[in-house]
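Accompanying notes for the structure given below.
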Amino acid sequence: MATLTAEIEKDTKKIPVKGMMNNVMMQFENAADQIQLHPNIKKILSITNNEIIVNFPVKMDNGEVEVFTGYRVQHNNALGPYKGGLRYHPTVDIDAARALAMWMTWKTSLAGLPYGGGKGGIKLDPSKYSQEELERITRRFTFALADNIGPEHDIPAPDVNTNSQTMAWMADTYMSTRPPAERTANQHVVTGKPAGSGGLEGRDRSTGYGVYLSIKFWAEKNKKSLKGKKFIVQGFGNVGYWAAYFLEKDGAKLVGVQDAYGSIQNQKGIGVEDLFNYSQVNDGSIVNFPNANPVLKNKFFALNCDICIPAALGNQITKENASKIKAKLIAEGANGPTNVDGEKILLDRGITIIPDILCNSGGVVGSYFEWLQNRNGELWQLDEVMSKLDKKLKESFNKVYEYSEREAMDMRTAAYCIAIQRIEKAYVQRGIFP
Ligand code: GLU
Numbered sequence: 001m002a003t004l005t006a007e008i009e010k011d012t013k014k015i016p017v018k019g020m021m022n023n024v025m026m027q028f029e030n031a032a033d034q035i036q037l038h039p040n041i042k043k044i045l046s047i048t049n050n051e052i053i054v055n056f057p058v059k060m061d062n063g064e065v066e067v068f069t070g071y072r073v074q075h076n077n078a079l080g081p082y083k084g085g086l087r088y089h090p091t092v093d094i095d096a097a098r099a100l101a102m103w104m105t106w107k108t109s110l111a112g113l114p115y116g117g118g119k120g121g122i123k124l125d126p127s128k129y130s131q132e133e134l135e136r137i138t139r140r141f142t143f144a145l146a147d148n149i150g151p152e153h154d155i156p157a158p159d160v161n162t163n164s165q166t167m168a169w170m171a172d173t174y175m176s177t178r179p180p181a182e183r184t185a186n187q188h189v190v191t192g193k194p195a196g197s198g199g200l201e202g203r204d205r206s207t208g209y210g211v212y213l214s215i216k217f218w219a220e221k222n223k224k225s226l227k228g229k230k231f232i233v234q235g236f237g238n239v240g241y242w243a244a245y246f247l248e249k250d251g252a253k254l255v256g257v258q259d260a261y262g263s264i265q266n267q268k269g270i271g272v273e274d275l276f277n278y279s280q281v282n283d284g285s286i287v288n289f290p291n292a293n294p295v296l297k298n299k300f301f302a303l304n305c306d307i308c309i310p311a312a313l314g315n316q317i318t319k320e321n322a323s324k325i326k327a328k329l330i331a332e333g334a335n336g337p338t339n340v341d342g343e344k345i346l347l348d349r350g351i352t353i354i355p356d357i358l359c360n361s362g363g364v365v366g367s368y369f370e371w372l373q374n375r376n377g378e379l380w381q382l383d384e385v386m387s388k389l390d391k392k393l394k395e396s397f398n399k400v401y402e403y404s405e406r407e408a409m410d411m412r413t414a415a416y417c418i419a420i421q422r423i424e425k426a427y428v429q430r431g432i433f434p
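Here the working numbering is used: the first residue of the sequence shown is 1, the next is one more, and so on.
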């Protein structure tokens, strides 16, 4: 990215800072001050490299045509191709895509991966569309993105409301638009594909498994056992479910869950598999689960528990609810779930936060394994994947934990410092073209 044009643009353009972008920029500036980041590198990292907005038409089941808006923001690629998910949600806009792309840059750098950061999606509520419509929307979006994505350039993955099926459609569309001899060699244009079509065994659980591992590593460092510890989860999608699954297996007790439709609690424990099976026959929702009581939306974070796992959307823990949180540990499964005001209150109260760029990095590490598997024409076994994930995430966790202890700072600032220093080093070594 270090082209002259990009550099000039970075110098002159200012991103209008609001919403999630405000949050990630404040986190970045705090860490940049701590490490006295060189002002030139700060200039480069404060703005995105490329922002792609596409409007594309799709034929609906009733014969009408709807026009959708899709986004792909490529924040930085100093360490390798842009990497990050695509989400389908009404909150997707340019501000959200920029912030989420920036978080990906820090996440991939912290994890020691050869990637930069990107993010995007489509502004839509997927529950309003049939499977056939979602397939056509996904394929047309992929076609509209065209060569702005690519296996060695920008590699999307699942995120909120997108899954392995979405990735299979994307891979197929992208490959179908290549010359015949290049088709199969391009399947690593996306990661998070189904295991039968170039996907990695275990990629489905890798984010939730990473959230669980972060909690486990933290407990080990603090000589605590997870047995009998109560936890609550916001979001019972791929991340929330798998995190709860592994925590329960380790003896912890799920006592509260919130999804987009409502919240439930049971201090005696909610069976993770029972809840999952219930949600499968209840339009994907946990509402009215028989073995729990309903909770008011604004009372959810105040539930009695030891560990709180926000695994849904951004800006959920704020100054409105941070003082009511009972948990002693927040493990951020989502991206940006705690805003800067909320975080300040939590830290003042002595509550530990395992930051998103560390806590949910199992997903992109799993993606990296899938990308390598495709690139090298290999097929990895589940146990191999899980033990590789374990090793990689332990390294990241220890790095952040030790840095935060040594420098007497919170884990988010420590994670940012490590991530930014790695990118800074690459710029210093390589220089700025020309
Ligand atoms: N969407 C996930 C994240 O936010 C995964 C990204 C990826 O695997 O590229 O980390």
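Yeah, the Cβ is synthetic: ideal placement off N, Cα and C, and Gly gets one too.
Proximity of the segment 172-184 to the segment 205-217 falls short of the contact definition, fewer than three beta-carbon pairs being nearer than 8 Å. Separation of the CB atoms of Glu370 and Arg140 is rounded to 24 Å, and the pair is thereby denied contact status at 8 Å. Proximity of the segment 376-395 to the segment 232-243 falls short of the contact definition, fewer than three beta-carbon pairs being nearer than 8 Å.
Residue environment for Leu296: exposed (fewer than 16 other C-beta atoms within 10 angstroms of its C-beta). The beta carbon of Trp218 sits no closer than 8 Å to any heavy atom of ligand 1. Here Tyr82 carries a strand assignment [DSSP, helix/strand/coil].
For Ala331, the enclosing beta strand (DSSP E) starts and ends at Leu329 to Ala331. Unbroken beta strand (DSSP E) stretches of 3 residues or longer found wholly inside the segment 31-89: 50-59, 65-76 and 82-88, given in chain order.
Inside the segment 125-158, DSSP marks whole beta strand (DSSP E) runs of 3 or more residues at positions 154-158, from first to last along the chain.
Taken from the Cβ of Lys107, at least one heavy atom of ligand 1 lies inside 8 Å. DSSP places Thr177 outside any beta strand (DSSP E), giving it a letter other than H or E.
Taken through DSSP and simplified to helix, strand or coil, Asp356 comes out as helix. Bounds of the beta strand (DSSP E) holding Lys119 are Gly117 to Ile122.
For Trp103, the CB falls within less than 8 Å of some heavy atom of ligand 1.
Taking one beta carbon from each stretch, the segment 55-66 and the segment 147-160 have fewer than 3 pairs nearer than 8 Å; the two do not touch. If you keep only unbroken beta strand (DSSP E) runs of at least 3 residues inside the segment 240-292, you get 253-259 and 262-265. Look at Lys230 here: in three-state DSSP terms it is strand.
Counting along the chain, Cys417 sits inside the alpha helix (DSSP H) bounded by residues Met411 to Arg430. A straight-line Cα-Cα distance of about 30 Å links Tyr401 and Gly120. Beta-bridge analysis with DSSP links Val295 to Ser263.
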